[in-house]
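Read the structure below first, then the notes.
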Amino acid sequence: MLGRRTVLAAAVSLAAGCAAPGRPADAPSAVAAPAAPAAVAPPAPPTREQVLARYAGQAPRLWGTDLPGVEATVPDGALALTFDACGGPGGDGYDEELIGVLRRHGVPATLFLNARWVDANPGPFGELAADRLFEIGNHGTAHRPLSVTGRSAYGITGTADPAAAYEEVAGNRAKLAALLGRPPRWFRSGTAHYDEVAVRLVGELGERVAGFAVNGDAGATFTAGQVASAVAAAAPGSVVISHFNHPGSGTAAGYAQALPRLLDAGRSFVRLPS
Numbered sequence: 023m024l025g026r027r028t029v030l031a032a033a034v035s036l037a038a039g040c041a042a043p044g045r046p047a048d049a050p051s052a053v054a055a056p057a058a059p060a061a062v063a064p065p066a067p068p069t070r071e072q073v074l075a076r077y078a079g080q081a082p083r084l085w086g087t088d089l090p091g092v093e094a095t096v097p098d099g100a101l102a103l104t105f106d107a108c109g110g111p112g113g114d115g116y117d118e119e120l121i122g123v124l125r126r127h128g129v130p131a132t133l134f135l136n137a138r139w140v141d142a143n144p145g146p147f148g149e150l151a152a153d154r155l156f157e158i159g160n161h162g163t164a165h166r167p168l169s170v171t172g173r174s175a176y177g178i179t180g181t182a183d184p185a186a187a188y189e190e191v192a193g194n195r196a197k198l199a200a201l202l203g204r205p206p207r208w209f210r211s212g213t214a215h216y217d218e219v220a221v222r223l224v225g226e227l228g229e230r231v232a233g234f235a236v237n238g239d240a241g242a243t244f245t246a247g248q249v250a251s252a253v254a255a256a257a258p259g260s261v262v263i264s265h266f267n268h269p270g271s272g273t274a275a276g277y278a279q280a281l282p283r284l285l286d287a288g289r290s291f292v293r294l295p296s
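Quick note on our numbering: the sequence shown kicks off at 23 and runs consecutively.
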């Protein structure tokens with residue numbers, strides 16, 4: 023895996039991103055990922071009862087953001103920009119300026135949407151879902167760290183048991199599948215924390231777990247200059263995490279500074295792979 027997480031202070035700030043605080047033809051263009059192939063019906067995921075039976079009594083040993091099965095890099099030296107929208111009190115905003123920056127430069131991204139954000143933003147959701155520049159990912163039902171024992175992260179209580187972990191993934195998965203016409207391919211939990219049992223559970227439900235190698239905006243608390251520095255310094259192959267639910271933060275201005283530099287340097291961008 024390329025690199026370690028950015029400094030602990032920035033990683034801890036991830037939780038802050040979820041709490042209160044047409045492109046011109048001559049614009050620089052990144053190479054977007056090819057259009058997704060025609061949908062093929064996936065096998066039915068296990069039922070809640072099957073998950074309960076399978077995972078009852080399993081005791082996790084690991085906890086954090088960097089676990090086996092959590093994917094934080096992509097192949098071929100591209101950068102994968104990912105943006106979370108966490109929903110809930112103080113987290114329902116829509117950073118239209120940031121989305122505009124991505125569109126002007128033709129830079130694809132994966133957008134992780136919490137169920138509460140989707141409910142609060144039906145108009146923006148429909149617009150983003152229709153834009154082939156973006157992949158829509160699952161950011162959980164209630165924005166909880168994903169645990170089978172109730173572990174917490176940044177003061178946010180995690181899912182209490184396998185049944186709660188199932189609901190955190192499956193509830194928003196069903197919502198997004200109904201709206202998109204297909205289930206999401208990727209999941210990122212609230213706070214991006216997991217135990218290894220929960221990671222396996224996500225896989226059984228048909229989704230891959232997105233981590234991150236670069237913290238792009240520290241939960242939308244970075245200044246524009248800090249965002250630009252973090253993103254511009256991302257190593258080839260990195261998954262970058264930022265937020266698009268805090269208009270007025272430094273995130274949009276920071277990406278507006280960083281993307282032209284990266285494009286001029288010949289860097290390419292992809293959505294998380296199918």
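Glycine is no exception: its CB is placed at the ideal position from the N, C-alpha and C atoms.
Nearest candidate by alpha-carbon position, reference P184, set R293, A81 and R289
A81
Output the distance between the C-alpha atoms of G113 and P258, rounded to the nearest integer angstrom.
30 Å
Could you give the distance in angstroms between the alpha-carbon of Q248 and the alpha-carbon of R283?
15 Å
Considering only the alpha carbon of each residue, which of G79, A280, Y116 and Y188 lies closest to L227?
Y188
Between the C-alpha atoms of G288 and D141, what's the straight-line distance to the nearest angstrom?
38 Å
Determine the direct distance from the alpha carbon of A220 to that of D98, and round the result to whole angstroms.
29 Å
If we count the other Cβ atoms within 10 Å of its Cβ and call it buried at 16 or more, is E190 buried or exposed?
buried
DSSP puts V261 in a beta bridge; with which residues?
A102
Give me the DSSP bridge partner(s) of V216.
In the sequence under discussion, the amino acid at residue 216 is Tyr, which differs from the Val named in the question. Answer is G86 and L168, bridged to Y216.
Alpha-carbon to alpha-carbon, G270 and E229
32 Å
Report the CB separation of V123 from L294 in whole angstroms; it is logged as a contact under 8 Å.
Wrong, their Cβ atoms sit about 19 Å apart, outside the cutoff.
Close beta carbons around T179, own chain, < 6 Å, minus the five adjacent residues each side
none
Element boundaries [alpha helix (DSSP H), containing F147]:
P144 to A152
Would you mind sorting A214 into buried or exposed? The rule is 16 or more other CB atoms within 10 Å of its CB.
buried
Taking 7 Å as the cut-off, is the CB of D141 close to at least one heavy atom of the ligand MG?
Absence of the ligand MG is noted for the structure shown, with no ligands found whatsoever.
Cut-off 7 Å between Cβ atoms - residues of its own chain near A192, not counting five sequence neighbours on either side:
L227
Contact between the stretch 264–278 and the stretch 232–245: three or more CB pairs below 8 Å?
yes
For L135, three-class secondary structure by DSSP
strand
My guess is that I121 and F234 are in contact by the Cβ rule of under 8 Å, so how many angstroms apart are they, rounded?
Between F234 and I121 the Cβ distance is about 19 Å, and since that is not below 8 Å, they are no contact.
Straight-line Cα distance separating G177 from R210
18 Å
Go to R195, then tell me how far its alpha helix (DSSP H) extends in each direction, as first and last residue.
P184 to L202
Exposure label - S296; buried when at least 16 CB within 10 Å:
exposed
Candidates N160, L101 and R126, of which the one nearest R204 by Cα
N160
Is it true that the CB of L285 sits closer than 8 Å to the CB of H127?
yes
To the nearest angstrom, how far is the alpha carbon of G110 from that of H165?
8 Å
With a threshold of 8 Å on Cβ separation, who are the neighbours of P68 within its own chain once the five nearest residues in sequence on each side are excluded?
R76, E226 and L227
Using 8 Å as the threshold, is the C-beta distance between A131 and L103 below it?
yes
Assuming contact is defined by CB atoms lying nearer than 8 Å, are R125 and L101 in contact in what I supplied?
no
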